[in-house]
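**Q** Numbering (the working numbering), first residue to last: 15 to 84.
(1) Which class does residue 44 belong to by DSSP, given the choice of helix, strand or coil?
(2) Can you list, in chain order, the residues of its chain whose CB lies under 7 Å from that of residue 35, leaving out five sequence neighbours each side?
(3) Return the CA-CA distance between residue 20 and residue 71, expressed in angstroms with no decimal places.
(4) Report the three-state DSSP secondary structure of residue 77 (helix, strand or coil).
(5) Should residue 18 and residue 60 be called a contact, given that it needs their Cβ atoms to be closer than 9 Å?
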């Protein structure tokens, strides 16, 4: 159950990245290349955060040393 939270957070970051991409496209269409550039930078950070959340959740191991191990 707790693994779902990591994937949900990753999906939320992807939605934020898509929103930033739409803002970048709107800035580009309005002949504002500086706004488009910075929204692309923000989109890149959101995408990196999404990938880290999803890959980190998928690779996380729940087994490990216990305090009662001999």
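A virtual CB, placed ideally from N, CA and C, is assigned to each residue, including glycine.
Since this is a predicted model, take the numbers as computed values, not measurements.
**A** On the basis of the coordinates in this document:
(1) On the chain shown, position 30 is the one that residue 44 refers to. Residue 44: coil per DSSP, three-state reduction.
(2) Counted from its first residue, the chain shown places residue 35 at position 21. Correct list, in chain order: 57.
(3) Residue 20 sits at position 6 when you count from the first residue of the chain shown. Residue 71 sits at position 57 when you count from the first residue of the chain shown. Between residue 20 and residue 71, the C-alpha separation is close to 5 Å.
(4) As a position in the chain shown, residue 77 is number 63, starting the count at 1. In the structure shown, residue 77 sits in coil (DSSP, three-state: anything other than H, G, I, E or B).
(5) Numbered from its first residue, the chain shown carries residue 18 at position 4. Numbered from its first residue, the chain shown carries residue 60 at position 46. For residue 18 and residue 60, no; Cβs fall outside 9 Å.
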